[in-house]
Amino acid sequence: MRIISGSHKSKRITAPKNLPVRPTTDMAKEGLFNILNNRYYFDEIRVLDLFSGTGNIAYEFASRGSEQIFCVDKNHNCIRFIQQTSQKLNFDAISAIQADVFEFLDQHNREHDIIFADPPYELTDLSKVIESIFDKKLLSKEGVLILEHSKMKDFSKHSSFKNIRRYGNVNFSFFEWTNTIDA
């Protein structure tokens, strides 16, 4: 995997083979960040990266200047890798938290501008992630929740669903507040 843009553009990062992860492809990540680049000033946003795995998405945000990035994953080796890589790249904005994502969401109360979730594709109830975020009002009123998932999942009927982007086998569903009264 590599960082696409920013202060560490083209930097390659190699994750240990024993991590139980499926990093977002460079092609999909580049497409995603092209969308976000047209909407946000990265140095002004707060990011929450759920099911962080290798930290691939967080490194991209950090390279582009985001100053507050929380990475959450329950796997100790993933968190250790994120911490080591963040330190090596001087990404002080990244805070890695070892926790079950659902327990974290139950206890968390900070608002974020971008929430990215890349749960294991075999996780059956992805709707629970979406509902937890909106029920707890963890997304800012102008924010976006991006859920990476397999093509077998369809969230188009969800009340906060905005659109979907497909990059090969990678699907990103985008969710926003339906109106500012909700937020």
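Just so we're aligned, residue 15 is where the sequence shown starts under this note's numbering, counting upward by one. Cβ atoms here follow ideal geometry from the backbone N, Cα and C, with glycine treated the same way. Just so we're clear, the structure is a prediction, and the values are computed from it rather than from any experiment.
Margin query: As an exercise, report each continuous beta strand (DSSP E) stretch of at least 3 residues that is fully enclosed by the stretch 46-73, in chain order.
Written below: 60-64
Check: In three-state DSSP terms, what is D168?
Finding: For the purposes of this step, residue 168 is taken as the residue at position 154 of the sequence shown. DSSP places D168 in coil when its eight states are reduced to three.
Item checked: Same chain, Cβ closer than 8 Å to K88, five either side skipped, listed in chain order -> Position 74 of the sequence shown, counted from the first residue, corresponds to residue 88. Contacts found: Q112, A113, D114, V115.
Check: DSSP state of I83, grouped into three classes?
Finding: If you number the sequence shown from 1, residue 83 lands on position 69. If DSSP states are grouped into helix, strand and coil, I83 belongs with the strands.
Margin query: Taking only three categories from DSSP, how would you classify D196?
Written below: Within the sequence shown, numbered from 1, the residue matching residue 196 stands at position 182. Low per-residue confidence applies at D196: pLDDT is 46, beneath 50, and the placement is therefore not dependable enough to give any value.
Check: What's the C-alpha gap between L64 and L119?
Finding: Translated into the one-based positions of the sequence shown, residue 64 becomes position 50. Translated into the one-based positions of the sequence shown, residue 119 becomes position 105. About 9 Å.
Next item on the list: Starting from F188, trace the beta strand (DSSP E) both ways and give me its first and last residue.
Entry: By one-based count along the sequence shown, residue 188 stands at place 174. It spans 184-189 - the beta strand (DSSP E) in which F188 sits, taken as one unbroken run.
Notebook entry, point to check: If we ignore side chains and look at the alpha-carbon of each, how far apart do S154 and E125 end up?
Noted result: For this step, residue 154 is matched to residue 140 along the sequence shown. For this step, residue 125 is matched to residue 111 along the sequence shown. When rounded, the distance between both Cα atoms is 6 Å.
Next item on the list: Check whether the Cβ atoms of A266 and A76 sit closer than 8 Å, and answer yes or no.
Entry: A question about residue 266 goes unanswered here, because the residues of the chain that appear run from 15 up to 197.
Checklist line | 3-residue-minimum beta strand (DSSP E) runs that sit fully inside the stretch 96-177, ordered along the chain | finding: 108-112, 126-131, 153-163
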